[in-house]
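To keep things clear, I will list the structure first and then write my remarks on it.
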Ligand code: PBG
Ligand code: ZN
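Residue numbers (the numbering used here): 595 to 915.
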């Protein structure tokens, strides 16, 4: 007999019992932009509520993160000096290395994840070493080893290579293992599309390419089978977590990975996805808080176990209530 489906929607008590998906504060990873310098707290114009901090002020943000019960942050560094290879990214006194050490000292319970890439550190804004106006894969792998080793020595808890270089996870795993950092896991930006939704981030991190685009390394957003191949490669190379990025135009890909792999799946709810909701909210065109929660839940329902999101603090406030 056909059941009366509305019976289970009658009251909030019933709805809560039959609800299939739940968001938790512990699902979130909160991104932080850390700029070299002093006394900096600068709001990013296209990302209201998100700031760049210098290290001497980052605790203002982290105290709040801890109070809300957020367990993980992912760090992006903005160095003072950029060059062709992004050498600041592996300087032991570079901004991210200093940030890792300071944050782990002041907040030992916080999981500190480092993004591993070069676009914030190169003067051309591409994600690796240039050769004939394109990023050279294998030259970049050598520098990736240097960058993660510097982060590991600074005390990072997890590393997340975001440059879409082939064999990045294999090389990083090898470098960590042979230096006694077997315990540091890798979250692969396994399926990262060449997306215009990254626009506001590139303002935030000063990482826009000075020429061309990232189509020779990031994925073509028309491709779905290729996502499985990219994820499989990261599994074979030793990733602990697989990520899909961006999230919202790629909910099908999140579900594909969830159905095909046993590893935890992360989704990056990227800057442009944040800014669109903020802009519409500011205009009074949508109920910003409700759309935010519906959006985050949809990412979880699609199959993500972990959500990297600029909404982490705001959503946590609601979940804690
Ligand atoms: C750097 C990097 C980017 C993002 C995370 N790491 C930008 C890019 O690939 O250009 C995007 C994050 C966001 O838009 O929120 N490789
Ligand atoms: Zn990059």
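We treat Cβ as the ideally placed atom computed from N, Cα and C, and that holds for glycine.
{"Asked": "Going by DSSP, what residues sit across from residue 755 in a beta bridge?", "Found": "710"}
{"Asked": "Return the residue from the list 806, 799, 789 that minimises the CA-CA distance to residue 815.", "Found": "789"}
{"Asked": "Expressed to the nearest angstrom, what Euclidean distance is found between the alpha-carbon atoms of residue 633 and residue 654?", "Found": "12 Å"}
{"Asked": "Do residue 863 and residue 912 have their C-beta atoms closer together than 8 Å?", "Found": "no"}
{"Asked": "Below 8 Å on the Cβ atoms is my guess for residue 886 versus residue 905; work out the distance and round it to an integer in Å.", "Found": "5 Å"}
{"Asked": "Roughly how many angstroms lie between the CA atoms of residue 881 and residue 848, to the nearest whole one?", "Found": "26 Å"}
{"Asked": "Under 8 Å between the Cβ atoms of residue 838 and residue 859?", "Found": "yes"}
{"Asked": "Could you name the residues whose beta carbon sits closer than 7 Å to any heavy atom belonging to the ligand ZN, keeping them in chain order?", "Found": "711, 712, 713, 721, 756, 757, 801"}
{"Asked": "Can you tell me which of the three DSSP states residue 845 falls into?", "Found": "helix"}
{"Asked": "Closer than 7 Å: is that where the CB of residue 846 sits relative to any heavy atom of the ligand PBG?", "Found": "no"}
{"Asked": "Rounded to whole angstroms, what's the CA-CA distance from residue 897 to residue 622? Just pull it up for me.", "Found": "14 Å"}
{"Asked": "Go ahead and label residue 716 buried or exposed: buried means 16 or more other beta carbons lie within 10 angstroms of its beta carbon, across all protein chains shown.", "Found": "buried"}
{"Asked": "Does the contact criterion of 3 or more C-beta pairs under 8 Å hold for the region 684-691 versus the region 668-675?", "Found": "yes"}
{"Asked": "Compute the beta-carbon to beta-carbon distance between residue 869 and residue 641, rounded to the nearest angstrom, for a pair I have assumed lies under 8 Å.", "Found": "6 Å"}
{"Asked": "Take residue 892 and list the residues in its own chain whose beta-carbon comes closer than 8 Å to its own, dropping the five residues that flank it on each side.", "Found": "842, 845"}
{"Asked": "What's the gap between the Cα of residue 749 and the Cα of residue 709?", "Found": "14 Å"}
{"Asked": "Which class does residue 705 belong to by DSSP, given the choice of helix, strand or coil?", "Found": "strand"}
{"Asked": "Run the CB neighbour count on residue 657, radius 10 Å, all protein chains shown included, and call it buried at 16 or more, exposed below.", "Found": "exposed"}
{"Asked": "In whole angstroms, what is the alpha-carbon distance linking residue 810 and residue 763?", "Found": "18 Å"}
{"Asked": "For residue 865 and residue 798, which I take to be in contact (beta-carbon distance under 8 Å), what is that distance rounded to the nearest angstrom?", "Found": "7 Å"}
{"Asked": "Thinking just about the alpha-carbon of each residue, which of 676, 701, 650 is nearest to the one in residue 666?", "Found": "701"}
{"Asked": "Compute the Euclidean distance between the alpha carbons of residue 613 and residue 602, then round it to the nearest angstrom.", "Found": "10 Å"}
{"Asked": "In whole angstroms, give me the CA-to-CA distance for residue 757 and residue 722.", "Found": "8 Å"}
{"Asked": "If you run the structure through DSSP and keep just helix, strand and coil, what is residue 646?", "Found": "strand"}
{"Asked": "Kindly examine the ligand PBG and report whether one of its heavy atoms sits closer than 7 Å to the Cβ of residue 763.", "Found": "no"}
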